Amino acid sequence: METDRHRHLPPVTGDHLLDDASAYDLAARFKLLSDPHRLRIVYALVDGGEMCVGAISELVGSSESATSHQLRNLRLAGFARSRRHGREIFYSIADEHIRVLLDVAIEHHLHERRDHA
Numbered sequence: 021m022e023t024d025r026h027r028h029l030p031p032v033t034g035d036h037l038l039d040d041a042s043a044y045d046l047a048a049r050f051k052l053l054s055d056p057h058r059l060r061i062v063y064a065l066v067d068g069g070e071m072c073v074g075a076i077s078e079l080v081g082s083s084e085s086a087t088s089h090q091l092r093n094l095r096l097a098g099f100a101r102s103r104r105h106g107r108e109i110f111y112s113i114a115d116e117h118i119r120v121l122l123d124v125a126i127e128h129h130l131h132e133r134r135d136h137a
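Heads up, the sequence shown is in the working numbering, so the first residue is 21 and it goes up one at a time.
Written out as structure tokens, the structure reads:
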């Protein structure tokens, strides 16, 4: 019998239901990650660590202007943080929760692809 690796989460019933404010906040955060460009940026930060806008834009195949705009949105939403060094702005993921969230999402995606192949 296969073990459910996700049993560490509380059941989604009774006292564990999200209140309206939390549900709307989480939905807004997931909506931000629903854009493929922003998702690739977050993945680049998770995979590559701290990088400047130019390096990120090169990795994701987008202009520096578009990448910078999306990084600002990600920073304001708490997914990324920034620091200035001279004229460059460097970005990194805000905390390890972002890495875990993306790792789980990618693992689920790959699992689904294997099951439907």
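Every residue gets a Cβ at the ideal spot worked out from N, C-alpha and C, and that includes glycine.
Fair warning: this is a prediction, and the values are worked out from it, not measured in the lab.
Please name the residue in the options whose C-alpha comes closest to that of residue i.
i, options, result
"V73", "L94, D39, A48", "L94"
"D115", "R107, R101, G106, A125", "R101"
"I113", "L38, H105, R92, D135", "R92"
"R58", "Y111, R133, T87, L38", "T87"
"R103", "M71, D39, D40, L130", "M71"
Could you round the C-beta distance between residue i and residue j to whole angstroms and report it? I think they count as a contact, below 8 Å.
i, j, result
"F99", "V62", "6 Å"
"A64", "L79", "5 Å"
"R49", "A97", "6 Å"
The beta strand (DSSP E) that contains residue i, what's its start and end?
i, result
"S102", "100-105"
"E108", "108-113"
Start and end of the alpha helix (DSSP H) containing residue i?
i, result
"E116", "116-135"
"G68", "56-68"
Should the segment 116-131 be regarded as contacting the segment 75-88, the criterion being three or more beta carbon pairs within less than 8 Å? no
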